[in-house]
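Colleague: Shown below is the structure under consideration.
In our numbering, the protein residues as written are 87 to 265.
Here it is, written out as structure tokens:
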């Protein structure tokens, strides 16, 4: 590792509860670890509905048989709820929200009002992590801002805005989504 430090079991113990220490990496087997992979959990999937308009969050250009364009920068918009594939979002354990494996993204990781929300290849940045606190918003911790339907008309791109907790920033989501 970059630090040159390793997690070390000084006695090479296999007993539960053994105290570990951070120690200079020495190549001993007591500093070698395996990870336990948990079985894959099914991420919740469903629509996100705006509380102010009843419009669904949609990947622009979608239809009953298509998720819409997967080009980086494609608009994420509020549109008439139609049950389209482009309105079926997956709420992943890492905080990303995806359609067809592509992430809802805060364009250019901006922290300015009216910044557009887009679809983008998932890349692990904070621009793609969203929380849904009890106040009903979709909040981006990296920007400290909320997704907003600023216009209220169908087919208009969603934006990032200072959180005001007004109805145009609050959303209903699948009951199975664990915030």
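The beta carbon of each residue, even a glycine, is placed where N, CA and C say it ideally should be.
(1) Please report how far the alpha carbon of residue 132 lies from the alpha carbon of residue 230, in whole angstroms.
(2) What does DSSP give as the partner residues of residue 139 in its beta bridges?
(3) For residue 175 versus residue 166, is the C-beta spacing smaller than 8 angstroms?
(4) According to DSSP, is residue 243 helix, strand or coil?
(5) Are the CB atoms of residue 228 and residue 245 within a distance shorter than 8 angstroms?
(6) Taking 8 angstroms as the threshold, find out whether the segment 208–223 comes into contact with the segment 156–170 through three or more Cβ pairs.
(7) In whole angstroms, what separates the C-alpha of residue 164 from that of residue 106?
(8) DSSP three-state label for residue 194, please.
(9) If we require 3 or more residues per run, which beta strand (DSSP E) segments fall completely within the segment 215–242?
(10) One question on the structure: do residue 136 and residue 235 come within less than 8 angstroms of each other, judged by their Cβ atoms?
(11) For residue 237, which residues from the same chain have a beta carbon less than 7 angstroms from its beta carbon, with the 5 sequence-adjacent residues on both sides left out?
Modeller: Let me spell this out:
(1) Rounded to whole angstroms, residue 132 to residue 230 spans 25 angstroms at the Cα level.
(2) Under DSSP, residue 139 shares a beta bridge with no residue.
(3) Taking the C-beta atoms as reference points, residue 166 is found no nearer than 8 angstroms to residue 175.
(4) If DSSP states are grouped into helix, strand and coil, residue 243 belongs with the strands.
(5) Between residue 245 and residue 228, the gap from beta carbon to beta carbon reaches 8 angstroms or more.
(6) Because the criterion of three Cβ pairs below 8 angstroms is not met, the segment 208–223 and the segment 156–170 do not touch.
(7) Going by the C-alpha atoms only, they are around 51 angstroms apart.
(8) In this structure, residue 194 counts as helix in the three-state DSSP scheme.
(9) The qualifying runs are 231–234.
(10) Yes, the pair counts as a contact, with Cβ atoms nearer than the cut-off.
(11) Taken in chain order, the list of residues that qualify is empty.
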